[in-house]
Structures are given as structure tokens and as C-alpha cells.
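Below: the structure, in C-alpha cells.
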Amino acid sequence: MSEIGDIRSPQGGHRRTVILRHVGIFVSLISAWEIACRLGWLDPLFFPFPSAILTGFWRLYVAQGNIWPHLGLTMAEVLVGFVAGSAFGIGLAICVGMVDRLRRYMKPYVVILEATPRIAIGPVIIAAFGFGWTSKTAIVMLVCFFAPFVNTLNGMVGVEAEKLSMFRSMRASKTQTFLKLMLPSALPEISAGLRLAMASALGGALVAEFIASNAGLGVLINQYTSTLNMASAFVCVLTLSALGYFIFRGMEELDRILVFWNDRDRTARVGERRKAAWAAGKGGKS
Amino acid sequence: MKRRAMSSAVPVAKHLLVFAAIIAIWEGASAIGLIDVILLPEPHKIAASIWKMYVEDAVIYRHFLITFYEALAGFVIGGLIGLGLAVASSLNDGFRRYVSPYAILLNVTPGLALTPIVIAWFGFGFSSKIALGAIVCFFPVFVNTLLALTRTDSETLEMFQSMRASKTEIFWKLRVPAALPMIFAGFKIAITTALVGAVVAEFSQATAGIGVLMQRLSFALDMSGAIAALLSMSLLGLILFTLIEILDDRVVFWRRVSRLETVSRKRRDRWFADHGPKSGTPTGRKETT
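Taken in sequence, the protein lines are chains A and B. Take the first sequence: its letters are residues 237 to 522, numbered as in this note's numbering. Take the second sequence: its letters are residues 2 to 290, numbered as in this note's numbering.
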């Protein structure tokens, strides 16, 4: 992702000129849009003026400030659902992964669950949990459950048989095998699963709010579009883009912390710290 | 995973046994009242709903086909745009630098959030569902294709260059074949997301499709019907996924040994048919020395 998102030119070039060029293109795109609207080529009813979107930001965030409660609610749904759902997914996968027999019989069900569009369960869950925020959180939980579950399971199944037999030949206990072998080798995949889950969590919460709700960003977008107040709807969508971006960056950071051995600098730093801790633990004698 | 080679009937029977046990426990729990049957109906009721939906009333087929069409059309459109932009970006780094920020912006926006806007733009018919499907499935195709095309093995590339392969040759004979497995992995992700997009758009505003059917049934608290519709959706997802898998197997034939053998045998036969058996080896060089 960072690879394709790299906007610097390989020739080097001054950082400032590169950024200027990008900003220039962005500005010309936006002004082309604005001009097309003003000339009447684009129907401003459906494609709002960029300037209208800007004033919409001011109105929604400052003048009226009515986006804040909706934003807070959606964020709460996403966070609670994500933490609960992924914890549940990873926990269940670990339980299943430690038992050989269970793992074998789980596979077909996992495949079916994988094929089902998760968000599609929305109406069923709303019918079960009602229209309040619990049903939305439940949907986010469900959406966030699968990716960590499947990835954790895959990661634990994918441990090399040779390493396992080495651990066995050294008489490692089940806990040791899990903590020192299974978990570390599954961590990259678990982290990838968490990232997938977080990416879909926001979408899940929104869809749940679209289906039936009385508060949240999804409701706000629905209200604005159904009254053809497109500029405000775009403000909400752009807010979501920003949220999505921060979530994405946050998850990348989490990945760097969890799977520190994939990044050379971090490996060195963690190694130093562990060495220091070990030396302190031994009282400096060694 | 199997330690010993067993006949394939035994594991299947075991799986069926496990399945039957789960169903039996579920039925039992509902019978004693551990599970609220209004929210989660008993398996036999779900089976009855499936029977009704597929055989007695046969209502599902129309909805099934509509959603299938929407998801597939969305996938084709979104996939083609993603593929085109990714190929152009891989060929021209300047293009990539100026396109990728917008692609990433589109990716961090939850595409499903655009549902109401897309419906306002494209109306209540099929086109809004197809458009949403295309929007949400664009990025997986784009990112996988671009990464796959730019990550070419440098040694093979060097060999191609040392043999004076032209740029076109390097693209078609090296980059594309090397990228195909990963591109198909992107397709597999994209086709399920296109289905999600179509279904979500149906939830919002539609008159036909599995999403509508399911929403109607669940709001009428006909939970067994809703679960039957949900299972049909899984079936639809499986069908779409399998379609891509078959395509993958056809196109990326070299990954499975048996397919590789079949295809190479076919190619050899075709070559001999064109050139006659005496004219040389399939490498194109005459066996003169």
C-alpha cells in the first residue's frame, strides 16, 4: 500500500516541487469541477459545488455543530464492535487451533461463512436486537469477527511441521508451544486480519445505520441525500474518508508494533530493550 | 492434515455426522426453550422455508438472477477500470504518482457510505446497484494488479534484457504472466465485495433482488425465510467465487501440475499439427546439429 502510495518521483527532485505539483493538479481538478458547475454542465443538485462543500464543512462542524453527536455515536459503535468482535474471533480461533480434531471439522463452516456477505446479515440482526445502537454494535462485531478468526486459524495451521516437532522433541509444554511458536508465527496474519476487520468495521456500522437507525453518520448521510442536500452529504462522506485514513494509519502502526521483526529498525530497538531488561534482571553479573 | 490415507468416504461420513449432531443439538435446545425460536428458528423450519422458497413458490429465482447480474456487472465494470488504471500506472510512473493518491482516497472511504449518494445519482433501478458494486470492487483489483505488475523478479528481468527482449515482449511474456496469480487473487476479493455492494444498495432502495427479499422477510419477522434468503446469498457468493476460480484455473494453468500437463500437451500437439512432426523441436530451432 505504501508502495503504490509513494508519490515521490524516483529522480529525486525537490520535495517541495513535487508537493507543489500535486497540489497544483488537485487545485485545478477542483476548480474545473467548480467551473463546470457554474457553467451548468454538472447539475449542482447532484454534484454540489466544491465551494458549497467547503461551507458545508463550516456549517456542520462549527456553525451548527450537528455532526458531532452522530460522529461520536458511529465511532463508539465501530470501536466497541471492533474490539469485541476481533477479540472473540481471535479467542475462538486459538481455542479451535489448539485442538487438532476441532480444526478439521470447522473448515466447511468457515468456508460457508466466508462466502456469505457479512453485512447481509444486517436485517436479521436488526430484527433481533432492535433499532438502537446495540444492533449496530452487534453487526460491527459480526463483521469484525471473521477476518481475525480466519486469519488466526490459518496462521496457526500454517506453522511448519518441522518446527513443531522440534518443540516437541525439546519437550515444550502446550503453553510454551503456543506462546513461543504458534502465536509468533501467526501474528503477521492476525495483524493482517485485524486490519481487514477494521477496514470493514466502518462500512458495517454505516450500512447498519442505513438499514434502520435514528442516529449516526449513516443516518445523517441518508437524511441529507433524501432531501437532496448533497453538499452536506459529501461533508459526511469526506469525514468518513478522513476517519478511514486515520484508522488505516493506526492499524499500520499497530502492525509495526505487533510484528516488530518485519521492520529492521524496530527489531534492533526491541532487541536492545530486551537485552537491557535481561541484563538488569541478571543484576549485571553476566 | 490426514495422517493416514483413508478412503474418502470415511471423512465425508464423519463430517455429515458432525453436521447432524450440530443440527440435533440446535433442535434440542430450541425444544427446551434455550433458544428464542422467533429470533433463531429451528433448523426444520429453515429447511421448510428453503423448500417453500425454491420449490413450492419458486420466488427466489428471479431475485437470485437479478442480484447475480448486478454483482457480476459491477465486478466487470469496477474490475476493468481497476485493471486499466493499474496497467497504465505500472507502465508510466508519472501516471501512477498522480493517480494513486485518489485511488487511496477512494479506498479509505468506506465505499458503502456512498450508497445514498450513488442511489441519488443513478436512480432506483439496476444501475445504482451496479455502480456501487463497481465502486467497492475497484480498489482490490487496482492494488493487486499494480503491486503484481511492479514486483517482477529482477533476475528474470535481467535475463530478458540480456536477450534483447523488447518492452512489449517483457510486458506480455514476463510481467503479465508473473502477475496473473496475484491479479486473480484480487479478482477473488473483488467479486465478493461487488456482491456486498449490490446487496447493500438493494437494502437501501430497490424492488427486486435477494437483499430486498431478505429485508422484507426479516422485517416481517419471518426469520426462517430471512435465514433461507441469507443462505441463498452465501450460495450466490460461492457461485461467483467459483466462477473466478475456474477462470483462474484456465488462465493461470501453470500452477496446477495436472492442468499444466494438459495444456502443454495440447500446445505441443497444435505445434506439431502446424509445423509437421519433422520440422524441429517446439523451441523453434531446427535439429540440424
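Glycine included, each C-beta is placed from N, C-alpha and C at the ideal position.
Beta-carbon contacts of residue i that lie in its chain and below 8 angstroms, excluding the five residues immediately before and after
i: GLN300 of chain A; result: none
i: PRO305 of chain A; result: ALA451
i: GLU270 of chain A; result: PHE285, PRO286, SER287
Given residue i as reference, the closest of the options once Cα atoms are compared
i: ALA149 of chain B; options: B:GLY112, B:CYS138, B:GLY187, B:PRO117; result: B:GLY187
i: ALA422 of chain A; options: A:ILE330, A:ALA312, A:ARG251; result: A:ILE330
i: ILE457 of chain A; options: A:VAL473, A:GLU425, A:ARG295, A:SER427; result: A:VAL473
i: ALA444 of chain A; options: A:PHE365, A:GLU508, A:THR411, A:ALA478; result: A:PHE365
i: ALA191 of chain B; options: B:ALA121, B:ALA135, B:ALA227; result: B:ALA135
i: GLY1 of chain B; options: B:ILE171, B:TRP27, B:ALA230, B:SER90; result: This structure gives no information on residue 1 of chain B, because the portion of chain B shown stretches from 2 to 290.
i: PHE324 of chain A; options: A:PHE382, A:ILE348, A:LEU479, A:GLY333; result: A:PHE382
i: LYS24 of chain B; options: B:SER259, B:LEU41, B:PHE123; result: Residue identity differs from the one stated: residue 24 of chain B is Ile in this sequence, not Lys. Comparing Cα-Cα distances from ILE24 of chain B to each of B:SER259, B:LEU41, B:PHE123, the minimum goes to B:LEU41.
i: ALA21 of chain B; options: A:MET402, A:LEU328, A:TYR341, A:VAL376; result: A:TYR341
i: ALA363 of chain A; options: B:LYS46, B:VAL88, B:GLY226, B:ARG165; result: B:GLY226
Below-8 angstroms beta-carbon distance, residue i vs any chain A residue
i: PHE273 of chain B; result: no
i: VAL88 of chain B; result: no
i: VAL224 of chain B; result: For the record, residue 224 of chain B in the displayed sequence is Met; it is not Val. With 8 angstroms as the cut-off, MET224 of chain B counts as an interface residue toward chain A.
i: SER31 of chain B; result: no
i: ALA25 of chain B; result: no
i: GLY238 of chain B; result: yes
i: THR1 of chain B; result: Coverage of chain B is limited to positions 2 through 290, which leaves residue 1 of chain B absent and any answer about it impossible.
i: PRO111 of chain B; result: yes
i: MET215 of chain B; result: yes
i: VAL19 of chain B; result: yes
i: PHE76 of chain B; result: no
i: VAL11 of chain B; result: no
i: ARG65 of chain B; result: Here residue 65 of chain B turns out to be Phe, not Arg, going by the sequence shown. Not one chain A Cβ lies under 8 angstroms of PHE65 of chain B.
i: TYR70 of chain B; result: no
i: ALA6 of chain B; result: Residue confidence for ALA6 of chain B is low, a pLDDT of 49 falling below 50, so the modelled location carries little weight and cannot support an answer.
i: ALA121 of chain B; result: yes
i: LEU92 of chain B; result: no
Cutoff 6 angstroms; reference residue i; Cβ partners in own chain excluding five residues on either side
i: VAL38 of chain B; result: SER31
i: ILE326 of chain A; result: PRO384, THR388
i: SER522 of chain A; result: Low confidence applies to SER522 of chain A: its pLDDT is 48, below 50, so where it sits in the model is not reliable, and the reading given next is rough at best. Hits under 6 angstroms: none found.
i: GLY112 of chain B; result: ILE136, VAL137
i: ALA166 of chain B; result: none
Beta carbon proximity, residue i to chain B, threshold 8 angstroms
i: ILE330 of chain A; result: no
i: PHE496 of chain A; result: no
i: VAL395 of chain A; result: no
i: ALA467 of chain A; result: no
i: VAL314 of chain A; result: no
i: PRO384 of chain A; result: no
i: ALA356 of chain A; result: yes
i: LEU464 of chain A; result: yes
i: TYR297 of chain A; result: no
Where residue i falls, given that 16 or more other Cβ within 10 Å makes a residue buried
i: MET466 of chain A; result: buried
i: PRO178 of chain B; result: exposed
i: ASP279 of chain A; result: exposed
i: GLN216 of chain B; result: buried
i: THR146 of chain B; result: buried
i: PHE127 of chain B; result: buried
i: ARG176 of chain B; result: buried
i: LEU442 of chain A; result: buried
i: GLU57 of chain B; result: exposed
i: ARG252 of chain A; result: exposed
i: TRP294 of chain A; result: exposed
i: GLY440 of chain A; result: buried
i: PHE65 of chain B; result: buried
i: ALA132 of chain B; result: buried
i: ILE255 of chain A; result: exposed
i: TYR460 of chain A; result: buried
i: ASP249 of chain B; result: buried
i: ILE247 of chain B; result: exposed
i: ARG269 of chain B; result: exposed
Residues near residue i by beta carbon distance below 7 angstroms, same chain, minus five either side
i: ARG431 of chain A; result: MET487, ASP491
i: PHE282 of chain A; result: MET466
i: PRO182 of chain B; result: VAL253, ARG256
i: ILE120 of chain B; result: SER129, ALA202, SER205, GLN206
i: ARG337 of chain A; result: none
i: LEU464 of chain A; result: LEU281
Cross-chain neighbours of residue i in chain D, by beta carbon under 7 angstroms
i: ASN458 of chain A; result: No chain D appears in this structure, whose protein chains are A and B.
query = When you check each C-beta in the region 123–149 of chain B against every C-beta of chain A, which residues fall closer than 8 angstroms?
reply = VAL144, LEU147, LEU148
key: Positions along the region 358–377 of chain A whose CB lies within less than 8 angstroms of some CB in chain B   = GLY358, PRO359, VAL360, ILE362, ALA363, ALA364
query = Closer than 8 angstroms, Cβ to any Cβ of chain A: which residues of the region 180–203 of chain B, in chain order?
reply = THR193, LEU196, VAL197, VAL200, VAL201
request  = Residues of the region 280–293 of chain A with a CB closer than 7 angstroms to any CB of chain B: list them in chain order, please.
outcome  = PHE282
task = Would you list, in chain order, the members of the region 34–52 of chain B that have their beta-carbon closer than 7 angstroms to a beta-carbon of chain A?
result = LEU40
Against chain B: residues of the region 427–448 of chain A by CB proximity under 7 angstroms = LEU438, GLY439, LEU442, VAL443, PHE446, ILE447
query = Going along the chain, which residues of the region 473–486 of chain A sit with their C-beta nearer than 7 angstroms to a C-beta in chain B?
reply = VAL473, LEU476, SER477, GLY480, TYR481, PHE484
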